[in-house]
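Position 62 of the sequence shown, counting from 1, maps to 88 under this note's numbering, and the rest follow consecutively.
Structure first, then comments.
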Amino acid sequence: MARLSDTAQAQIIAICDRYNDEKTPLMMILSDIQKEYGYIPLEVQELVSDKTGIPVAEIYGVVTFYSFFSLKPKGKYIIGCCLGTACYVKGAQQIIDKFSDILGIKPGETTEDGLFTLDALRCLGACGIAPAVSINGKVYPKVEVNQVQGIIDELKGGAN
Ligand code: FES
């Protein structure tokens, strides 16, 4: 198993220490780790277990149950395709399929170069501009299948 760097260990321990006085700190600790460390691999779960006394199996159960926690690092660009009802009826499935085809990954996966993660999302609250795609928090309105390649190219250009 990969060993955490000293910096990462210190970061995770500091996050755990924030919630020393909480009776049920696990969700708060995991949320902070996800936000600040980016993902929650097994070695991080073991460290949280050592610090809190919560069994690894319980921590693993929580991390894998909630989709906003991730066991693997996410890409530089997180492409979230809304598959809510309004977007779905306007062709969102074809949009996510196109991203999937071009990037060679399924929803929930990250490209090997670490650039892109593809996610399927529920309603983004932007149904008036369906189908909507959110990329690192920026919402792209009324996305059409033939725009997908251009969006990816634009992001790749910005990554250099
Ligand atoms: S269903 Fe996609 S933004 Fe509401």
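Even for Gly, the Cβ is constructed at its ideal location relative to N, Cα and C.
Exposed unless 16 or more other CB atoms sit within 10 angstroms - verdict on residue 56: Counting from one through the sequence shown, the residue named residue 56 turns up at place 30. That one is buried.
Distance cut-off 7 Å: residue 146 Cβ against heavy atoms of the ligand FES: The sequence position of residue 146 within the sequence shown is 120, counting from 1. No - the ligand FES has no heavy atom lying nearer than 7 Å to the Cβ of residue 146.
Sheet register partners of residue 142 (DSSP bridge): Position 116 of the sequence shown, counted from the start, is the residue given in the question as residue 142. For residue 142, which the question treats as bridged, DSSP gives the partners 103.
For residue 143 and residue 182, believed in contact at Cβ under 8 Å, the rounded distance: On the sequence shown, residue 182 is found 156 positions in, with the first residue counted as 1. On the sequence shown, residue 143 is found 117 positions in, with the first residue counted as 1. About 14 Å separates the two Cβ atoms, so there is no contact after all.
Cβ-heavy atom distance, residue 163 to the ligand FES, below 7 Å: For the purposes of this step, residue 163 is taken as residue 137 along the sequence shown, with counting starting at 1. Checking every heavy atom of the ligand FES against the Cβ of residue 163, none is found closer than 7 Å.
The region 132 to 139 / the region 156 to 170 touching (three or more Cβ pairs under 8 Å): no
Whole alpha helix (DSSP H) elements within the region 58 to 134, 4-residue minimum: 68 to 78, 82 to 91, 111 to 115 and 118 to 129
Beta-carbon separation (whole angstroms), residue 70 vs residue 80, contact threshold 8 Å: In the sequence shown, counting from the first residue as 1, residue 70 sits at position 44. In the sequence shown, counting from the first residue as 1, residue 80 sits at position 54. That belief does not hold up - the Cβ atoms of residue 70 and residue 80 are roughly 13 Å apart, past 8 Å.
Under the three-state DSSP convention, the category residue 169 falls into: In the sequence shown, residue 169 corresponds to position 143, counting from 1. If DSSP states are grouped into helix, strand and coil, residue 169 belongs with coil.
Where residue 136 falls: helix, strand or coil (DSSP): Within the sequence shown, numbered from 1, the residue matching residue 136 stands at position 110. Here residue 136 sits in strand by DSSP.
Simplified DSSP assignment, three categories, for residue 147: Residue mapping note: residue 147 aligns to position 121 of the sequence shown, counting from 1. Note: residue 147 maps to strand in three-state DSSP.
Local conformation of residue 182 per DSSP, three classes: Position 156 of the sequence shown, counting from 1, holds the residue named residue 182. Residue state, collapsed to three classes: helix.
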